[in-house]
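Take a look at the structure set out below.
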Amino acid sequence: MQKPTYLISLLILTSLIVAACGGSPTATTAPTQAPTEVPTELPTEAPTEAPTEPPAPTLEAPEGALVAYPVDAAPTLDGVADDEAWASAGETTISVTGGANNFSTDATLKAVYSGDTVYFLLSYADPSESWFRSPWQKQEDGSWALVTDPNDKGGDNNTAYEDKFSMIWSIEDSIQGFETTGCFVACHAGENSDVKPYGNKYTNAEGELGDIWHWKSVRNDGQIDDQYLDSTRFDAENAREAGRKSDANDGGGYVNNATEDGTLPAFTSPAVDPATGAPGYILDSEKTELDQA
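Numbering-wise, our numbering puts 88 at position 83 of the sequence shown, and it's gapless, one number per residue.
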(Lines of atoms letter the chains of each structure in order from A; the text may use other names.)
(Lines give C-alpha, C1' and ligand atoms only; values in the text may rest on other atoms or scores of the structure.)
Protein backbone atom coordinates (compact mmCIF):
# COMPACT_ATOMS: atom_id res chain seq x y z
CA MET A 6 0.00 0.00 0.00
CA GLN A 7 1.48 3.43 -0.96
CA LYS A 8 1.97 5.60 2.07
CA PRO A 9 0.73 9.22 1.88
CA THR A 10 3.46 11.81 1.49
CA TYR A 11 3.43 14.73 3.86
CA LEU A 12 5.12 18.05 2.79
CA ILE A 13 6.14 20.27 5.68
CA SER A 14 7.17 23.86 4.73
CA LEU A 15 9.37 25.92 7.00
CA LEU A 16 8.70 29.64 6.58
CA ILE A 17 11.61 31.99 7.31
CA LEU A 18 10.92 35.73 7.48
CA THR A 19 13.64 38.01 6.05
CA SER A 20 13.76 41.82 6.52
CA LEU A 21 15.50 43.98 3.85
CA ILE A 22 16.71 47.59 4.38
CA VAL A 23 16.93 49.56 1.13
CA ALA A 24 18.80 52.95 0.93
CA ALA A 25 17.38 55.51 -1.55
CA CYS A 26 19.72 57.04 -4.22
CA GLY A 27 20.47 60.86 -4.02
CA GLY A 28 23.10 63.42 -3.01
CA SER A 29 25.59 63.12 -0.31
CA PRO A 30 23.87 61.23 2.24
CA THR A 31 23.54 62.59 5.68
CA ALA A 32 24.86 60.24 8.16
CA THR A 33 22.02 58.79 9.96
CA THR A 34 21.75 56.12 12.45
CA ALA A 35 19.89 53.17 11.21
CA PRO A 36 16.90 52.53 13.33
CA THR A 37 17.25 49.70 15.63
CA GLN A 38 14.83 46.97 14.69
CA ALA A 39 13.52 44.69 17.28
CA PRO A 40 14.82 41.19 16.71
CA THR A 41 12.35 38.81 15.26
CA GLU A 42 12.19 35.17 16.03
CA VAL A 43 11.85 32.52 13.39
CA PRO A 44 8.65 30.66 14.17
CA THR A 45 9.38 27.25 15.51
CA GLU A 46 7.30 24.34 14.30
CA LEU A 47 6.85 21.41 16.66
CA PRO A 48 7.62 18.01 15.15
CA THR A 49 4.53 16.06 14.28
CA GLU A 50 4.11 12.35 13.70
CA ALA A 51 2.51 11.08 10.53
CA PRO A 52 -0.94 9.69 11.30
CA THR A 53 -1.04 5.93 11.70
CA GLU A 54 -3.43 4.18 9.36
CA ALA A 55 -5.61 1.40 10.76
CA PRO A 56 -4.48 -1.98 9.43
CA THR A 57 -6.69 -3.34 6.69
CA GLU A 58 -7.28 -6.94 5.75
CA PRO A 59 -6.14 -8.02 2.31
CA PRO A 60 -8.99 -8.49 -0.16
CA ALA A 61 -10.44 -11.98 -0.33
CA PRO A 62 -9.12 -13.98 -3.26
CA THR A 63 -11.42 -14.29 -6.24
CA LEU A 64 -12.79 -17.82 -6.45
CA GLU A 65 -13.58 -19.31 -9.81
CA ALA A 66 -15.89 -22.22 -9.00
CA PRO A 67 -16.80 -24.87 -11.57
CA GLU A 68 -20.20 -24.49 -13.19
CA GLY A 69 -22.93 -25.79 -10.93
CA ALA A 70 -20.66 -25.93 -7.87
CA LEU A 71 -22.00 -24.83 -4.49
CA VAL A 72 -19.88 -22.07 -2.94
CA ALA A 73 -20.06 -21.38 0.80
CA TYR A 74 -19.56 -17.70 1.67
CA PRO A 75 -18.56 -16.31 5.10
CA VAL A 76 -21.21 -14.60 7.24
CA ASP A 77 -20.88 -12.43 10.34
CA ALA A 78 -23.80 -14.09 12.14
CA ALA A 79 -24.45 -17.83 11.89
CA PRO A 80 -28.00 -18.82 10.89
CA THR A 81 -30.37 -20.18 13.52
CA LEU A 82 -31.11 -23.88 13.12
CA ASP A 83 -34.89 -23.68 13.49
CA GLY A 84 -36.15 -24.87 10.11
CA VAL A 85 -37.54 -21.42 9.28
CA ALA A 86 -34.58 -20.18 7.24
CA ASP A 87 -35.45 -16.48 7.42
CA ASP A 88 -31.96 -15.42 8.50
CA GLU A 89 -30.07 -12.68 6.69
CA ALA A 90 -27.29 -15.20 6.04
CA TRP A 91 -29.54 -17.29 3.79
CA ALA A 92 -30.97 -14.27 1.98
CA SER A 93 -27.55 -13.39 0.54
CA ALA A 94 -26.20 -16.93 0.09
CA GLY A 95 -25.57 -18.41 -3.32
CA GLU A 96 -27.41 -21.58 -4.28
CA THR A 97 -27.30 -24.48 -6.66
CA THR A 98 -30.22 -26.47 -8.04
CA ILE A 99 -30.33 -30.27 -8.03
CA SER A 100 -32.87 -32.15 -10.12
CA VAL A 101 -34.17 -35.21 -8.25
CA THR A 102 -35.86 -38.03 -10.16
CA GLY A 103 -36.73 -41.69 -9.77
CA GLY A 104 -38.57 -41.44 -6.46
CA ALA A 105 -41.73 -43.24 -5.42
CA ASN A 106 -44.40 -43.18 -8.12
CA ASN A 107 -41.81 -41.67 -10.49
CA PHE A 108 -41.87 -38.49 -8.44
CA SER A 109 -39.38 -35.75 -9.36
CA THR A 110 -38.63 -32.28 -8.09
CA ASP A 111 -35.95 -29.58 -7.99
CA ALA A 112 -34.03 -29.19 -4.76
CA THR A 113 -32.02 -26.08 -3.94
CA LEU A 114 -28.95 -26.17 -1.75
CA LYS A 115 -27.30 -23.19 -0.05
CA ALA A 116 -24.17 -23.00 2.09
CA VAL A 117 -22.54 -20.42 4.38
CA TYR A 118 -19.86 -20.64 7.04
CA SER A 119 -18.97 -18.82 10.24
CA GLY A 120 -15.66 -19.53 11.95
CA ASP A 121 -14.98 -23.26 11.71
CA THR A 122 -18.62 -24.29 11.15
CA VAL A 123 -20.37 -24.72 7.81
CA TYR A 124 -24.18 -24.57 7.39
CA PHE A 125 -26.33 -26.04 4.63
CA LEU A 126 -29.94 -25.27 3.70
CA LEU A 127 -31.86 -27.81 1.62
CA SER A 128 -35.27 -26.86 0.19
CA TYR A 129 -37.51 -28.92 -2.07
CA ALA A 130 -41.13 -29.08 -3.15
CA ASP A 131 -42.94 -32.14 -1.83
CA PRO A 132 -46.69 -32.89 -1.71
CA SER A 133 -46.34 -34.62 1.68
CA GLU A 134 -44.03 -34.41 4.68
CA SER A 135 -43.66 -38.21 4.97
CA TRP A 136 -43.58 -38.24 8.76
CA PHE A 137 -44.20 -41.99 9.11
CA ARG A 138 -41.60 -44.70 8.69
CA SER A 139 -43.21 -48.14 8.91
CA PRO A 140 -45.47 -47.12 11.82
CA TRP A 141 -47.45 -49.48 14.00
CA GLN A 142 -51.16 -49.76 13.20
CA LYS A 143 -53.74 -51.42 15.40
CA GLN A 144 -55.87 -53.99 13.59
CA GLU A 145 -59.59 -54.64 13.95
CA ASP A 146 -58.94 -57.72 16.08
CA GLY A 147 -56.85 -55.67 18.53
CA SER A 148 -53.46 -56.88 17.31
CA TRP A 149 -50.67 -54.64 16.05
CA ALA A 150 -48.97 -54.72 12.65
CA LEU A 151 -46.29 -52.61 10.97
CA VAL A 152 -47.39 -50.67 7.89
CA THR A 153 -45.06 -51.87 5.13
CA ASP A 154 -44.75 -51.87 1.36
CA PRO A 155 -45.91 -55.23 -0.01
CA ASN A 156 -43.47 -54.82 -2.90
CA ASP A 157 -40.48 -54.12 -0.65
CA LYS A 158 -37.65 -56.48 -1.58
CA GLY A 159 -35.37 -54.91 1.02
CA GLY A 160 -34.57 -51.22 1.30
CA ASP A 161 -37.24 -49.92 -1.07
CA ASN A 162 -40.24 -49.24 1.18
CA ASN A 163 -42.16 -46.50 -0.62
CA THR A 164 -45.56 -46.89 1.05
CA ALA A 165 -44.80 -45.62 4.55
CA TYR A 166 -41.34 -44.13 4.70
CA GLU A 167 -39.44 -40.96 5.53
CA ASP A 168 -37.65 -38.39 3.36
CA LYS A 169 -33.88 -38.75 3.35
CA PHE A 170 -30.90 -36.78 2.11
CA SER A 171 -27.19 -37.52 2.20
CA MET A 172 -23.88 -35.94 1.23
CA ILE A 173 -20.69 -37.85 0.44
CA TRP A 174 -17.22 -36.32 0.76
CA SER A 175 -14.14 -37.95 -0.72
CA ILE A 176 -11.72 -38.42 2.19
CA GLU A 177 -8.35 -36.93 1.25
CA ASP A 178 -9.39 -37.11 -2.44
CA SER A 179 -9.02 -40.89 -2.27
CA ILE A 180 -12.01 -41.79 -4.50
CA GLN A 181 -10.88 -41.87 -8.10
CA GLY A 182 -13.26 -40.02 -10.44
CA PHE A 183 -15.19 -38.35 -7.62
CA GLU A 184 -14.21 -34.83 -8.70
CA THR A 185 -15.91 -35.29 -12.07
CA THR A 186 -18.81 -37.68 -11.44
CA GLY A 187 -19.46 -37.29 -7.71
CA CYS A 188 -21.09 -40.16 -5.84
CA PHE A 189 -22.13 -41.81 -9.11
CA VAL A 190 -18.68 -43.36 -9.16
CA ALA A 191 -19.73 -45.32 -6.05
CA CYS A 192 -23.35 -46.02 -7.04
CA HIS A 193 -23.74 -49.42 -8.66
CA ALA A 194 -27.35 -49.42 -9.81
CA GLY A 195 -28.93 -52.72 -10.78
CA GLU A 196 -26.60 -54.98 -8.81
CA ASN A 197 -28.33 -57.80 -6.91
CA SER A 198 -31.66 -56.52 -8.20
CA ASP A 199 -33.45 -59.63 -6.93
CA VAL A 200 -32.95 -58.48 -3.34
CA LYS A 201 -31.90 -54.81 -3.71
CA PRO A 202 -33.77 -52.98 -6.47
CA TYR A 203 -31.67 -49.82 -6.11
CA GLY A 204 -28.31 -51.60 -6.29
CA ASN A 205 -25.29 -51.10 -4.04
CA LYS A 206 -22.98 -48.36 -2.91
CA TYR A 207 -19.23 -48.91 -2.59
CA THR A 208 -15.95 -47.51 -3.87
CA ASN A 209 -14.02 -49.31 -6.57
CA ALA A 210 -10.72 -49.93 -4.81
CA GLU A 211 -9.38 -50.59 -1.35
CA GLY A 212 -8.25 -47.37 0.32
CA GLU A 213 -10.88 -45.24 -1.42
CA LEU A 214 -12.96 -43.82 1.43
CA GLY A 215 -15.90 -41.44 1.62
CA ASP A 216 -17.46 -39.58 4.55
CA ILE A 217 -21.29 -39.73 4.55
CA TRP A 218 -23.64 -37.24 6.23
CA HIS A 219 -27.08 -38.88 6.26
CA TRP A 220 -30.26 -36.99 7.23
CA LYS A 221 -33.50 -38.91 7.90
CA SER A 222 -36.64 -36.83 8.40
CA VAL A 223 -38.20 -39.08 11.08
CA ARG A 224 -35.39 -40.96 12.80
CA ASN A 225 -32.87 -38.14 13.25
CA ASP A 226 -34.72 -34.95 12.30
CA GLY A 227 -32.43 -32.68 14.35
CA GLN A 228 -29.28 -34.73 13.85
CA ILE A 229 -27.19 -36.29 11.10
CA ASP A 230 -26.06 -39.90 10.91
CA ASP A 231 -22.28 -40.01 10.62
CA GLN A 232 -21.39 -42.80 8.22
CA TYR A 233 -18.63 -43.77 5.82
CA LEU A 234 -18.10 -45.56 2.53
CA ASP A 235 -15.47 -48.13 1.60
CA SER A 236 -14.91 -50.81 -1.04
CA THR A 237 -16.84 -53.68 0.61
CA ARG A 238 -18.93 -55.64 -1.92
CA PHE A 239 -22.45 -56.91 -1.27
CA ASP A 240 -22.83 -60.13 0.67
CA ALA A 241 -26.30 -61.39 1.57
CA GLU A 242 -25.12 -62.78 4.92
CA ASN A 243 -22.36 -60.44 6.06
CA ALA A 244 -22.60 -57.16 4.13
CA ARG A 245 -26.10 -56.38 2.89
CA GLU A 246 -25.26 -52.66 2.91
CA ALA A 247 -22.08 -53.31 0.88
CA GLY A 248 -19.69 -50.37 1.37
CA ARG A 249 -22.06 -48.11 3.34
CA LYS A 250 -21.34 -48.32 7.06
CA SER A 251 -21.96 -46.33 10.24
CA ASP A 252 -19.36 -44.74 12.49
CA ALA A 253 -19.28 -45.76 16.13
CA ASN A 254 -22.24 -44.26 18.01
CA ASP A 255 -21.04 -41.96 20.79
CA GLY A 256 -24.41 -40.33 21.58
CA GLY A 257 -27.86 -39.52 20.29
CA GLY A 258 -29.33 -41.73 17.62
CA TYR A 259 -32.53 -43.76 17.54
CA VAL A 260 -33.96 -47.26 18.02
CA ASN A 261 -37.08 -48.89 16.63
CA ASN A 262 -40.10 -48.77 18.92
CA ALA A 263 -40.68 -52.48 19.43
CA THR A 264 -40.72 -55.08 22.15
CA GLU A 265 -37.85 -57.56 22.38
CA ASP A 266 -39.63 -60.09 20.19
CA GLY A 267 -40.55 -57.36 17.66
CA THR A 268 -44.25 -58.15 17.64
CA LEU A 269 -45.61 -55.09 19.47
CA PRO A 270 -44.82 -51.41 19.99
CA ALA A 271 -43.06 -50.94 23.32
CA PHE A 272 -43.71 -47.26 24.11
CA THR A 273 -46.01 -44.34 23.54
CA SER A 274 -45.85 -40.66 24.51
CA PRO A 275 -48.25 -37.88 25.61
CA ALA A 276 -46.97 -35.94 22.59
CA VAL A 277 -48.25 -38.56 20.12
CA ASP A 278 -51.67 -37.96 18.58
CA PRO A 279 -53.57 -41.22 19.22
CA ALA A 280 -55.71 -40.70 16.11
CA THR A 281 -52.99 -39.94 13.58
CA GLY A 282 -49.76 -41.05 15.24
CA ALA A 283 -48.14 -37.67 14.55
CA PRO A 284 -45.39 -36.57 14.78
CA GLY A 285 -44.18 -40.08 13.93
CA TYR A 286 -41.51 -40.39 16.62
CA ILE A 287 -41.19 -40.54 20.41
CA LEU A 288 -38.55 -38.63 22.33
CA ASP A 289 -36.67 -40.85 24.74
CA SER A 290 -37.27 -38.30 27.51
CA GLU A 291 -41.06 -38.50 26.97
CA LYS A 292 -41.60 -42.23 26.42
CA THR A 293 -43.99 -44.24 28.60
CA GLU A 294 -44.63 -47.97 28.46
CA LEU A 295 -47.55 -48.86 26.26
CA ASP A 296 -50.41 -50.59 28.06
CA GLN A 297 -50.85 -53.73 25.98
CA ALA A 298 -54.26 -54.40 27.52
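Ideal Cβ placement from N, Cα and C applies to all residues, glycine included.
If we count the other Cβ atoms within 10 Å of its Cβ and call it buried at 16 or more, is residue i buried or exposed?
i      : result
Arg138 : buried
Phe108 : exposed
Phe189 : exposed
Glu155 : In the sequence under discussion, the amino acid at residue 155 is Pro, which differs from the Glu named in the question. Exposed: under 16 other Cβ atoms inside 10 Å.
Arg238 : exposed
Lys143 : exposed
Pro80  : buried
Ser175 : buried
Thr299 : Summary: the structure shown does not reach residue 299, with the chain confined to residues 6 through 298, and so no result is reported for it.
Gly258 : exposed
Glu89  : exposed
Asp230 : buried
Leu234 : buried
Asp296 : exposed
Asn197 : buried
Gly212 : exposed
Glu294 : exposed
Glu96  : exposed
Gly28  : Confidence in Gly28 is poor, its pLDDT being 42 and thus under 50, which makes the residue's placement too unreliable to answer from.
Ala66  : exposed
Thr153 : exposed
Gly285 : buried
Glu167 : buried
Ala78  : exposed
Val260 : exposed
Ala191 : buried
Val123 : exposed
Gly147 : exposed
Gly215 : buried
Would you list the one or two residues that DSSP bridges to residue i?
i      : result
Leu127 : Leu114
Tyr286 : For Tyr286, which the question treats as bridged, DSSP gives no partner whatsoever.
Arg249 : Leu234
Thr57  : Paired residue(s): none; Thr57 is not in a bridge.
Ala244 : Asp240
Glu68  : None, per the DSSP bridge assignment.
Tyr74  : Val117
Phe272 : Glu294
Asn205 : His193
Thr122 : Ser119
Give the C-beta separation of residue i and residue j to the nearest angstrom, bearing in mind that I take them to be a contact with Cβ-Cβ under 8 Å.
i      : j      : result
Phe170 : Trp220 : 5 Å
Ser251 : Gln232 : 5 Å
Val76  : Ser119 : 5 Å
Ala271 : Thr281 : Incorrect: roughly 20 Å between the Cβ atoms, too far for contact.
Gly248 : Lys206 : 6 Å
Ser236 : Ala194 : Rounded, the Cβ-Cβ distance is 17 Å, inconsistent with contact.
Ser100 : Asp111 : 6 Å
Ala86  : Leu114 : That pair is no contact at about 12 Å.
Ala241 : Val200 : 7 Å
Would you kindly report the start and end of the unbroken alpha helix (DSSP H) that includes residue i?
i      : result
Trp91  : 89-92
Thr153 : It is not in any alpha helix (DSSP H) - Thr153 carries neither H nor E in the DSSP assignment.
Confirm the yes/no value for this check: CB of residue i, any heavy atom of the ligand GTP, distance under 6 Å.
i      : result
Ile287 : Ligands in the displayed structure: none, and consequently the ligand GTP is not present.
What residue range is occupied by the uninterrupted beta strand (DSSP E) comprising residue i?
i      : result
Phe170 : 169-175
Thr97  : 96-101
Lys158 : Unbroken run through Lys158: none, as it is neither H nor E.
Gln142 : 141-143
Ile180 : Ile180 -> no beta strand (DSSP E), and no H or E assigned at all.
Ile217 : 215-221
Inspect the CB distances between the segment 147-163 and the segment 122-133 and report whether three or more fall short of 8 Å. In short, these stretches do not touch, since the Cβ pair count stays below three.
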